[in-house]
Structures are given as C-alpha cells and as structure tokens.
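K.L.:
In my numbering, the protein residues as written are 6 to 303.
Backbone N, C-alpha and C define an ideal beta-carbon position, used for all residues, glycine too.
The structure displayed is predicted, hence computed values, not measured ones.
Following this message is one structure expressed as structure tokens.
Encoded structure:
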C-alpha cells in the first residue's frame, strides 16, 4: 500500500529496532522530519529533547516530534525499543505536537505492542503495515491519555479483566498473578476465589475459554518471555521466578506454547537487537549510535 494511503489512516510506521546502549554510549544531537518514540525498558541515562535535559530510567517513554532536536547518553546498560513514524493531519498529530510530558508507564502491554510491531515488520505478512499502524496508534493515544499530570494509562490487563466483571475470575486472577512463583493448585485458587473447584472450572471455561491450570501455565510462559526479554536472569532463575519447579518442566511447557525452547527463543530475540526492521520499505535509517572515545559510527 502506498505511504499516502497509510497516512490517511493516521500513522505510517517507518522503522523499529531493539537497542542495547552500553554505559557511555550516546546518540548524538540531531533532528529529522518524522516523529520518533523511544521506550526505555531499563537502565539509566540522560535524554536531551529541545532545550531540556532530563534524567531517564526504565519504564519511561519519550515521543520526539518532527523537527525536534534530541540526543541520548547512557549512564548504564540501557535497553530500548525505538520506533520512527509519520502522522497524518488530524487529532493525533495535533495532540502529539502539543504534548511535552515524559510519563512513567503503568501499562506493561506497551512493550508487548512494540514487540508485535517488530515481529510484523520482520515477517511482512499481508496487511503488516496496517497492523503496525493500528498498534502504534493505540500506543500513542495511551501516551496522550496519560497526560502531563501523570495519570496512568489504561492497563491492558485491567481492561480485559473489567470486560467480564466476574468477581470469581477477578479473585482467581489476582491469586495467580500475585502468587505466580508458588506451586498453586486448582483447590487453592478456588479457595481464594471463594468457590468450589467445579465452579472455578466453569467460570474459567466461560470467561477465558480454558481450564484454570492451563491459564496458569500460559500466564507463566508469558511472564517468562518478559523476563527473557528484559533481564539477564539465567533460564533456571527465570523458571524459578515464574513457578516452574525445574528447568526441564519449564522448557517442556515453554516449547509446547511457543514452538521452540526458551534457549532458542532467547537466541532469536538477542539476534534481533540492533537490527533495523523496516516497516516502510522506502525509509532508510541514518542516525546511529556513537561509542565513547570513538569518532566512528557503529
């Protein structure tokens, strides 16, 4: 689809990448004629945008407006998700041009949406550009909703939970999420939810379409993927933190859910770091990172 058609719908995603900035690395001061969004997953550094210099840390999101001078220096290992895009004329473009806040995100789903954009850009299946546009549009509206006062953006998880308004499921999900590393049983989840095991199974089947333990294992795998992405934990440590008794048990469930082992999944993810993923095939990324004590770009 031509770029002009994408822009009529609001957002044309140009490029995305996962970056690891080593301590002392910098992104030189520069500007460009498109917007940019950087999600700082973890680490600490200093971010310059316009005439402001701000301390930055994990969990913060910056949107850089077209034409705005900006740069970055990492004070420690800093992991980021970085996306460049254009916005058509309309309410979203006007909102981004007037926004000046740098919110701390309360919605962990933002990183997952950006990862989905990266995967769509790598696979390039039919309508991938339209899907990337929809995903980034949602992120940007959540960013604008949060506002300068720091009111939290709506949590994807909370929104999903609110849809069914089932107090039994609400109590069960709270138990699962808060006690993920424990060896939970259906009996214990039912006790916390205030119902019988049979009733719990009926509510889960009706609300989420699966048995309680199947949901528990899926949630463990999803949490494990986050830890693999955004931490340096060993696979043994990841397994322990999400409630699997052994690495073998963890590997078996992870492989069944993802089609490959945790080790293979981690390798594929790490191979994607610092790799340009072009969503718009006409775009070329020219802004690179400068290591300390070096005049060359890498």
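Need the endpoints of the alpha helix (DSSP H) that residue 321 sits in, please.
P.N.:
Because the chain in this structure spans residues 6 to 303, residue 321 falls outside the shown range and cannot be described.
K.L.:
With a Cβ-Cβ cutoff of 8 Å, do residue 84 and residue 31 count as a contact?
P.N.:
Position 79 of the chain shown holds residue 84. Position 26 of the chain shown holds residue 31. The criterion of a C-beta distance shorter than 8 Å is not satisfied by residue 84 and residue 31.
K.L.:
Give the straight-line distance between the Cα atoms of residue 229 and residue 55, rounded to the nearest whole angstrom.
P.N.:
As a working mapping, residue 229 is identified with position 224 in the chain shown. As a working mapping, residue 55 is identified with position 50 in the chain shown. Pairing residue 229 with residue 55, the inter-Cα distance amounts to about 38 Å.
K.L.:
Grab me the residues of residue 233's own chain with a C-beta within less than 7 Å of its C-beta, minus the 5 sequence neighbours each way, in chain order.
P.N.:
The count along the chain shown starts at 1 and reaches residue 233 at position 228. 243, 267, 270, 271 and 274.
K.L.:
From residue 154 to residue 148, what distance separates their C-alpha atoms?
P.N.:
By 1-based counting over the chain shown, the position of residue 154 is 149. By 1-based counting over the chain shown, the position of residue 148 is 143. Summary for residue 154: the model assigns pLDDT 42, below 50, so the residue's position carries little reliability; its value from the coordinates is reported in the next sentence. Taking the straight line from one Cα to the other gives about 12 Å.
K.L.:
What residues match up with residue 62 in a beta bridge as DSSP calls it?
P.N.:
Indexing the chain shown from 1 puts residue 62 at position 57. 49.
K.L.:
Determine which residues share a DSSP beta bridge with residue 87 and list them.
P.N.:
Against the chain shown, residue 87 aligns to sequence position 82. In the DSSP output, where bridge partners are listed per residue, residue 87 has 22 and 43.
K.L.:
For the alpha helix (DSSP H) holding residue 173, just list the boundary residues, first then last.
P.N.:
For the purposes of this step, residue 173 is identified with residue 168 of the chain shown, where counting begins at 1. Segment 172-183, the alpha helix (DSSP H) holding residue 173.
K.L.:
So who's on the other strand from residue 283, going by DSSP bridges?
P.N.:
Taking the first residue of the chain shown as 1, we reach residue 283 at position 278. For residue 283, which the question treats as bridged, DSSP gives the partners 20.
K.L.:
With a cut-off of 8 Å on the beta carbons, I'd call residue 123 and residue 282 a contact; round off their distance for me.
P.N.:
Translated into positions along the chain shown, residue 123 becomes position 118. Translated into positions along the chain shown, residue 282 becomes position 277. With a Cβ gap of about 5 Å, residue 123 and residue 282 count as contacting.
K.L.:
Check residue 289 in the structure and name its three-state DSSP category.
P.N.:
By 1-based counting over the chain shown, the position of residue 289 is 284. Three-state DSSP puts residue 289 in coil, outside helix and strand.
K.L.:
Cβ atoms of residue 15 and residue 97: under 8 Å apart, would you say?
P.N.:
Locating residue 97 in the chain shown gives position 92, counting from the first residue. Locating residue 15 in the chain shown gives position 10, counting from the first residue. Cβ atoms of residue 97 and residue 15: closer than 8 Å.
K.L.:
Taking only heavy atoms of the ligand PLP into account, decide whether any of them is closer than 7 Å to the Cβ of residue 95.
P.N.:
Here there are no bound small molecules, and the ligand PLP is not part of this structure.
K.L.:
Whole alpha helix (DSSP H) runs in the segment 175-237 with 4 or more residues, listed along the chain?
P.N.:
191-198, 202-212 and 217-235
K.L.:
Contact check, residue 47 vs residue 71 under 8 Å by CB: the rounded distance?
P.N.:
As a working note, residue 47 is residue 42 in the chain shown. As a working note, residue 71 is residue 66 in the chain shown. The pair is not a contact, with the Cβ atoms about 28 Å apart (cut-off 8 Å).
K.L.:
Does the Cβ of residue 219 have 16 or more other Cβ atoms within 10 Å, making it buried, or fewer, making it exposed?
P.N.:
Within the chain shown, the letter at position 214 stands for residue 219. Residue 219 counts as exposed, since fewer than 16 other beta carbons sit within 10 angstroms of its beta carbon.
K.L.:
If we ignore side chains and look at the alpha-carbon of each, how far apart do residue 59 and residue 28 end up?
P.N.:
The residue labelled residue 59 in the question sits at position 54 within the chain shown. The residue labelled residue 28 in the question sits at position 23 within the chain shown. For residue 59 and residue 28, the distance between alpha carbons rounds to 17 Å.
K.L.:
Tell me the residue span of the alpha helix (DSSP H) that contains residue 246.
P.N.:
The residue labelled residue 246 in the question sits at position 241 within the chain shown. Here the alpha helix (DSSP H) through residue 246 covers 240-246.
K.L.:
Who are the near neighbours of residue 136 in its chain, counting only those whose CB is closer than 6 Å to its CB and skipping five residues on each side?
P.N.:
On the chain shown, position 131 is the one that residue 136 refers to. Cβ neighbours of residue 136 beyond the five flanking positions: 125.
K.L.:
I'd like the list of long-range same chain contacts for residue 202, defined as Cβ closer than 8 Å, with 5 residues on each side in sequence excluded.
P.N.:
For the purposes of this step, residue 202 is identified with residue 197 of the chain shown, where counting begins at 1. The answer, listed in chain order, is 191, 192 and 195.
K.L.:
Nearest-angstrom Cα distance between residue 90 and residue 19?
P.N.:
Taking the first residue of the chain shown as position 1, residue 90 is located at position 85. Taking the first residue of the chain shown as position 1, residue 19 is located at position 14. Whole-angstrom Cα-Cα distance: 5 Å.
K.L.:
With distances taken Cα to Cα, identify the nearest neighbour of residue 140 among 287, 117 and 100.
P.N.:
In the chain shown, residue 140 corresponds to position 135, counting from 1. Checking every option, the nearest Cα to that of residue 140 belongs to 117.
K.L.:
Between the beta-carbon of residue 53 and the beta-carbon of residue 34, is there less than 8 Å?
P.N.:
Locating residue 53 in the chain shown gives position 48, counting from the first residue. Locating residue 34 in the chain shown gives position 29, counting from the first residue. Going by C-beta atoms, residue 53 is nearer than 8 Å to residue 34.
K.L.:
Under 8 Å by Cβ, that's how I've got residue 87 and residue 22 pegged, so tell me the actual separation to the nearest angstrom.
P.N.:
Position 82 of the chain shown holds residue 87. Position 17 of the chain shown holds residue 22. Confirmed, about 5 Å.
K.L.:
So, for residue 171: in the same chain, excluding its five sequence neighbours on each side, which residues have a beta-carbon less than 7 Å away from its beta-carbon?
P.N.:
Here residue 171 corresponds to residue number 166 of the chain shown, with the count starting at 1. Closer than 7 Å at Cβ, skipping near neighbours: 208 and 212.
K.L.:
Thinking just about the alpha-carbon of each residue, which of 99, 216, 290 and 179 is nearest to the one in residue 198?
P.N.:
Here residue 198 refers to the residue found at position 193 when the chain shown is read from its first residue. Of the listed residues, the one whose Cα sits closest to residue 198 is 179.
K.L.:
Alpha carbon to alpha carbon, how far is residue 221 from residue 280? Give it in angstroms, no decimals.
P.N.:
The residue you call residue 280 lines up with position 275 of the chain shown. The residue you call residue 221 lines up with position 216 of the chain shown. For residue 280 and residue 221, the distance between alpha carbons rounds to 34 Å.
K.L.:
Is residue 70 helix, strand or coil by DSSP?
P.N.:
Within the chain shown, residue 70 is the residue found at index 65, counting from 1. Residue state, collapsed to three classes: coil.
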